[in-house]
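Trainee: The working numbering applies: residue 1000 is where the sequence shown begins, and numbers increase by one. Yeah, the Cβ is synthetic: ideal placement off N, Cα and C, and Gly gets one too.
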Amino acid sequence: MMKQQAFEIIERGYTLCENSGVGILYCDAFSRIPDIEHGFSTRLGGVSPAPYDAMNLSLTRDDSKENVLRNYRIFFEETGINVETAVLVNHEHGSNVICVDKADCGRGLFRESLPFCDGIITDDPAVTLVTLHADCGCVYLFDPVNRAIGLAHAGWKGTFKRIAQRMVERMKEEFSSDPANIIASLGPCICKNCFEVDERIGNDFIAEFSCESIKMSGRKGKAFVDIEAALVIQLIDAGIDRKNISSMGLCTYERSDILYSYRRDKGLTGAMIGYLKLRR
Ligand SMILES: [Zn+2]
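1) When you compare the region 1191-1202 with the region 1121-1128, are there three or more beta-carbon pairs, one atom per stretch, that lie closer than 8 Å?
2) Whole angstroms are fine: how far does the CA of LYS1219 sit from the CA of ARG1254?
3) Counting C-beta neighbours from all protein chains within 10 Å, is the total for PRO1187 16 or more, i.e. buried, or is it exposed?
4) What residues in its chain sit with their C-beta under 8 Å from that of MET1000, if we drop five residues either side in the sequence?
5) Just checking CYS1098 against ligand 1 - is the residue's beta carbon closer than 6 Å to any of the ligand's heavy atoms?
6) Let me check one thing: in DSSP terms, what residues is CYS1098 bridge-paired to?
7) Residue range of the alpha helix (DSSP H) that LYS952 falls in?
8) Can we say the region 1058-1072 touches the region 1140-1148, given the rule of at least three CB pairs closer than 8 Å?
9) Compute the Euclidean distance between the alpha carbons of ALA1206 and ASN1180, then round it to the nearest angstrom.
10) Output needed for VAL1167: all residues of its chain with C-beta closer than 8 Å, excluding positions within five of it in sequence on either side, in chain order.
11) Going by C-alpha distance, which of ASN1081, SER1245 and HIS1092 is nearest SER1184?
12) Beta carbon of ILE1120, beta carbon of CYS1098: below 7 Å?
13) Ignoring anything shorter than 3 residues or poking outside the region 1186-1266, list the beta strand (DSSP E) runs there in chain order.
14) Within its chain, find whatever has a CB closer than 6 Å to the CB of GLU1091; leave out the 5 residues flanking it on each side and keep chain order.
15) Does at least one heavy atom of ligand 1 sit under 6 Å from the Cβ of GLU1227?
16) Compute the Euclidean distance between the alpha carbons of SER1019 and CYS1210, then round it to the nearest angstrom.
17) Tell me the residue span of the beta strand (DSSP E) that contains ALA1085.
18) Comparing alpha-carbon positions, which option in ARG1110, PHE1109, ALA1085 and GLU1111 lies nearest ASP1100?
19) Is the beta carbon of CYS1026 less than 7 Å from the beta carbon of MET1247?
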């Protein structure tokens, strides 16, 4: 089979739930798993003013810390998860993955940040993994046999450095996870029709992932790159079964009604979070 077909996602689907004005996205395939709680925030709800309206969850924007912390409390109130259990990724667009436990709760939000990392993993149900996004991909992993989870921020640079594959490898090291058992889901991400980069980057992606269709021609000297396909290919390369990979199938750039997009909003925008937690 050609690789172009090998990475096609079998199941796409999301559900948007709105309660008290707060909108939370769930991946349909992951919603069927009773052992975990997961979700992805939207712009809906929250107290931040324009252009961060309204549920901005990034502490690095020019929005007040007071607003952002208030948003975290509002958001987690709706999830039913204690916000104090959150551990935030400290992304640098690399491929470092850190294993965390309850001793890390609150890091990056209420106390010191983690060392730089784009992926975080745990087998501790006392921890809620949190990653930040405003176009960059979100990778959720769950090992039902060893009851372990991983969550990654996957921008194009981290995707190129195989952050998702690296996270699978770290779960093998830390929890003896067998990739054949791992279930993966992808959150919202800027899609292949909206993500234009220098043509050179497109060519690098073709070479790295051995896939011609990962790049599509754009304007002169430019190309469109399929981040989601690059993530699926590396998850398969890591040993995950294709039928265990699903996606919400949402484009951040196109959905200005519910999602922030750094590129669309030219940097003047908020950020969403992905979260993932083991149930006790
Ligand atoms: Zn798009």
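Mentor: Taking the geometry as given:
1) no
2) 27 Å
3) buried
4) Residue placement at MET1000 cannot be trusted, given a pLDDT of 42 that sits under 50; the coordinates are not used to answer.
5) no
6) ILE1120
7) In the structure as shown, the chain begins at 1000 and stops at 1279. Residue 952 is therefore absent and cannot be evaluated.
8) no
9) 28 Å
10) LEU1140, GLY1149, SER1176, PRO1178, ILE1181, LEU1234, ALA1237, GLY1238 and ILE1239
11) SER1245
12) yes
13) 1195-1197, 1214-1216, 1221-1224 and 1244-1246
14) PHE1115
15) no
16) 44 Å
17) 1085-1087
18) ALA1085
19) yes
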